[in-house]
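Encoded as structure tokens, the structure appears first; notes follow it.
Protein chains in written order, with the working numbering: chain A, 1 to 236; chain B, 1 to 591.
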């Protein structure tokens, strides 16, 4: 359960940092509301949707941290045989990185108010993401064809389950991205604050899911295991 | 300290918090059924939770009939008994208490108490309820599925949850249970995001975090915890579904069942226990923290006195929330884990007693020399304190490894957790309903029926669970269908069991009085007016009762003070609402 505890420690650090700015030491019983006391206006104008996404990503982070914890814990079983990594996964990773870059570019273009650039960025992001998902499915098929079935080995089970759950999260994001793309039709839309916010939210989500994917990939290839071993040695 | 009015105080513009664009329902369906109004969603959540809670209540009767009078009721066989205890536990913990505190009270109270018009994501909020309802339907479907619901115990430990000896293990029972949990968690996440972001971003002007009523603090912290803890149950449920449906071996070790080797191999049941309790322990506080918060407000309002140590109360809530994530393995002392872990988890467990004790002292000190009105909410609040202390003390026993090992899986544990997270939070639920029902419906609940309900429930709960400790101490195991002729169990235990069962039937019947009261008072209750308890918090200051869509009139309220200005010396009344501007010449120094 180390991974989830480390993740929660990170979340706790953010919460403590945030709480430290909330005047927890104040004496509310002694403060009657003169104008200076009123804090409402001083709150940073972060859109609620960004806040909501941030908290949702914390939940998703907890979910994948728990899965990683389970993975590392189950790995110590004697029946564990690591699954071979199809070379295609490297190409898929490149696709996902590409879609993140395209979305980031769309954010920049949206801030500049360039309609064409926004649409191009979103199109590229959509295409590369679809390619990523298709690539993941092809990778599954390759593994199945090579005889690595879901039930044969816990490593296989984890591989299919984790890539599947990650893929489902990407599919959900894809639906939102497609809606954002539909909204970006027509001239002058890039300047609308609503669309810009939508693109920014998509970009944040994609970056997060990319990081999740890279960590999962590191788990599958065994890179993470070397790192965990190193940590264990350092601790002991 | 002096209430200093400033001229500036009068010219504060009404709403600097941007008014949210409210969704306005266009038909009867979108107003009352597919509603996006948090208050309607709250009532939908509560009624659904009550309905499924009633099922769990009937199950508890059946459990007690079997335990008190083994062999008398032929329609309860061993399989049914295990299905009853499983469904009773799961429903009460998740589908009743969690849903009611967060989905019910959270939805109703958060926007009103922080001075918002509604939740920030009303559409997701609506989806949250419908997913919850779907989860309940899937859960109930288990009763009608071939083989019936799962009988694995509410902890659903593999491998027994998935083997054919367990009811529902190879049938639909366990599949429906796990699916229902997954749906519940997805639905809860949608609601939970709302509660958290509304508290963070939707507060009225002047409502600093340290001016929020403790009810909001409790629900807020519990929601944050639930958002981080429920994924553990989600992961466990998904992996177990894989094991059950696809034949993987995440949790299932090599097993020979009825002479037949199952295909699974090498899975780790302990891993499931870790995941389950990583959710399961925070869950205790997900239920307890809203109760802590609500009871603080009930005590303060009905004792006409400010809450003692408000800051400490807030800190204690946050600290309890954080600590509850590092105690999970105290549920696993007998799982064969490393003794050093046991030492660690015993220590963290006992540390939680510190902030919890602070809260108990502060409640008692709030009562000290208060102008105590023994209204129904106050009676339930006091009953909560007593019961919680009782259950908390036996928690100190069970938190210690050497004491827990012999007591593990006995009725002592059952008595402990029913006291601390069953009876105690339910007392708060009742107190809260008697307290806020006038705001929700505009009418008071009937006092006489309420008192009957209170005394039978309170005394009855002790009649049930106090003797149960003794039953556990002599070694009666939990979850046994019948005891038979067991040498170490004296005949007096059977007498006591009968007594407990009769008490359970009576307490269950008292809840019918409560349900009747809810319906009867809706039509015949005394008109309540806007603020019958003369309370300070914002929900009592709405222009209309029950609050209209959008909660406030044209302008959002402005908050000038904390939520506990009761009996302020020199004030014209013994309470000052949070949105009352500063008054001239009011000295706030203690007399």
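Virtual Cβ for every residue (Gly too), placed ideally from N, Cα, C.
Closest residue to residue i among the options (Cα-Cα distance)
i: residue 333 of chain B; options: B:134, B:176, B:58 and B:409; result: B:409
i: residue 468 of chain B; options: B:328, B:64 and B:38; result: B:64
i: residue 96 of chain A; options: A:170, A:49, A:181 and A:220; result: A:170
i: residue 110 of chain B; options: B:90, B:435 and B:199; result: B:199
i: residue 419 of chain B; options: B:103, B:175, B:288 and B:192; result: B:288
i: residue 525 of chain B; options: B:380, B:449, B:54 and B:202; result: B:449
i: residue 439 of chain B; options: B:521, B:371 and B:453; result: B:521
i: residue 252 of chain B; options: B:258, B:259 and B:241; result: B:241
i: residue 245 of chain B; options: B:188, B:447, B:264 and B:279; result: B:264
i: residue 93 of chain B; options: B:226, B:527 and B:466; result: B:226
i: residue 582 of chain B; options: A:104, A:153 and A:31; result: A:31
i: residue 8 of chain A; options: A:63, A:23, A:165 and A:22; result: A:63
i: residue 116 of chain B; options: B:570, B:539 and B:561; result: B:539
i: residue 123 of chain A; options: A:134, A:84, A:13 and A:179; result: A:179
i: residue 157 of chain A; options: A:168, A:67 and A:196; result: A:67
Three-state secondary structure assigned by DSSP to residue i
i: residue 114 of chain B; result: helix
i: residue 434 of chain B; result: helix
i: residue 36 of chain A; result: Per-residue confidence for residue 36 of chain A stands at a pLDDT of 46, beneath the threshold of 50, marking its modelled position as unreliable; the derived number appears in the next sentence. Looking at residue 36 of chain A - three-state DSSP - the assignment turns out to be helix.
i: residue 41 of chain A; result: Per-residue confidence for residue 41 of chain A stands at a pLDDT of 49, beneath the threshold of 50, marking its modelled position as unreliable; the derived number appears in the next sentence. Helix at residue 41 of chain A.
i: residue 218 of chain A; result: helix
i: residue 447 of chain B; result: helix
i: residue 402 of chain B; result: helix
i: residue 7 of chain A; result: helix
i: residue 256 of chain B; result: strand
i: residue 244 of chain B; result: helix
i: residue 2 of chain A; result: helix
i: residue 261 of chain B; result: strand
i: residue 526 of chain B; result: coil
i: residue 250 of chain B; result: coil
i: residue 28 of chain A; result: helix
i: residue 4 of chain B; result: Its pLDDT being 45, under 50, residue 4 of chain B is placed unreliably in this model, and the coordinates cannot settle the point.
i: residue 205 of chain B; result: strand
i: residue 531 of chain B; result: coil
i: residue 489 of chain B; result: coil
Interface residues of chain B facing residue i [CB-CB closer than 7 Å]
i: residue 51 of chain A; result: 197, 200 and 201
i: residue 86 of chain A; result: Within chain B, no residue comes near residue 86 of chain A; the closest Cβ sits about 20 Å away, beyond 7 Å.
Delimiting residues of the alpha helix (DSSP H) encompassing residue i
i: residue 76 of chain B; result: From DSSP, residue 76 of chain B is part of no alpha helix (DSSP H); its letter is neither H nor E.
i: residue 566 of chain B; result: Run containing residue 566 of chain B: none; DSSP gives neither H nor E here.
i: residue 68 of chain B; result: 38-68
i: residue 92 of chain A; result: 88-112
i: residue 346 of chain B; result: 339-367
i: residue 189 of chain B; result: 173-201
i: residue 76 of chain A; result: Counting along the chain, residue 76 of chain A falls outside any alpha helix (DSSP H), and DSSP gives it neither H nor E.
i: residue 311 of chain B; result: 310-323
i: residue 122 of chain B; result: 122-144
i: residue 167 of chain A; result: 154-183
i: residue 129 of chain A; result: 115-145
i: residue 592 of chain B; result: Outside the shown range of chain B (1 to 591) lies residue 592 of chain B, about which nothing can therefore be said.
Closer than 8 Å at the beta carbon, the chain B residues around residue i
i: residue 6 of chain A; result: Residues of chain B passing the Cβ test: none, with the nearest at roughly 12 Å.
i: residue 222 of chain A; result: Neighbours of residue 222 of chain A on chain B: none; closest Cβ ~19 Å, over 8 Å.
i: residue 192 of chain A; result: Simply none; closest approach about 15 Å.
Interface partners of residue i on chain B, CB under 9 Å
i: residue 55 of chain A; result: 192, 193, 196, 197, 200, 224 and 227
i: residue 22 of chain A; result: 208, 209 and 210
i: residue 150 of chain A; result: 242, 246, 247 and 248
Under 9 Å from the C-beta of residue i: neighbouring residues of chain A
i: residue 306 of chain B; result: 29
i: residue 120 of chain B; result: 48, 49, 51 and 52
i: residue 278 of chain B; result: 1, 4, 66 and 69
Cross-chain neighbours of residue i in chain A, by beta carbon under 7 Å
i: residue 562 of chain B; result: 28 and 29
i: residue 189 of chain B; result: 59
i: residue 310 of chain B; result: 28 and 29
i: residue 609 of chain B; result: This structure does not reach residue 609 of chain B, given that chain B is present from 1 up to 591, and the question cannot be answered.
i: residue 271 of chain B; result: 70, 73 and 74
Within chain A, the residues that residue i reaches when beta carbons sit closer than 8 Å
i: residue 265 of chain B; result: 79
Next on the checklist: Quick check: the stretch 287-299 of chain B against the stretch 214-228 of chain B, are at least 3 beta-carbon pairs closer than 8 Å?
Outcome noted: Counting Cβ pairs under 8 Å, three or more are found: they touch.
Next on the checklist: For the structure I just gave you, are there three or more beta carbon pairs, one from the stretch 319-329 of chain B and one from the stretch 216-235 of chain B, closer than 8 Å?
Outcome noted: Contact check between the stretch 319-329 of chain B and the stretch 216-235 of chain B: three or more CB pairs, one atom from each, fall below 8 Å, which counts as touching.
Next on the checklist: Taking 8 Å as the cut-off, does the stretch 198-217 of chain A touch the stretch 83-101 of chain A (at least 3 CB pairs, one atom from each stretch)?
Outcome noted: The stretch 83-101 of chain A vs the stretch 198-217 of chain A: in contact.
Item to check | Touching by the beta-carbon criterion (3+ pairs, under 8 Å), the stretch 111-125 of chain A and the stretch 71-87 of chain A | outcome: Taking one beta carbon from each stretch, the stretch 111-125 of chain A and the stretch 71-87 of chain A have fewer than 3 pairs nearer than 8 Å; the two do not touch.
Checklist entry - Per the contact definition of three or more C-beta pairs closer than 8 Å, is the stretch 118-131 of chain B in contact with the stretch 63-78 of chain B? => result Between the stretch 63-78 of chain B and the stretch 118-131 of chain B there are fewer than three inter-stretch CB-CB distances shorter than 8 Å, so the stretches are not counted as touching.
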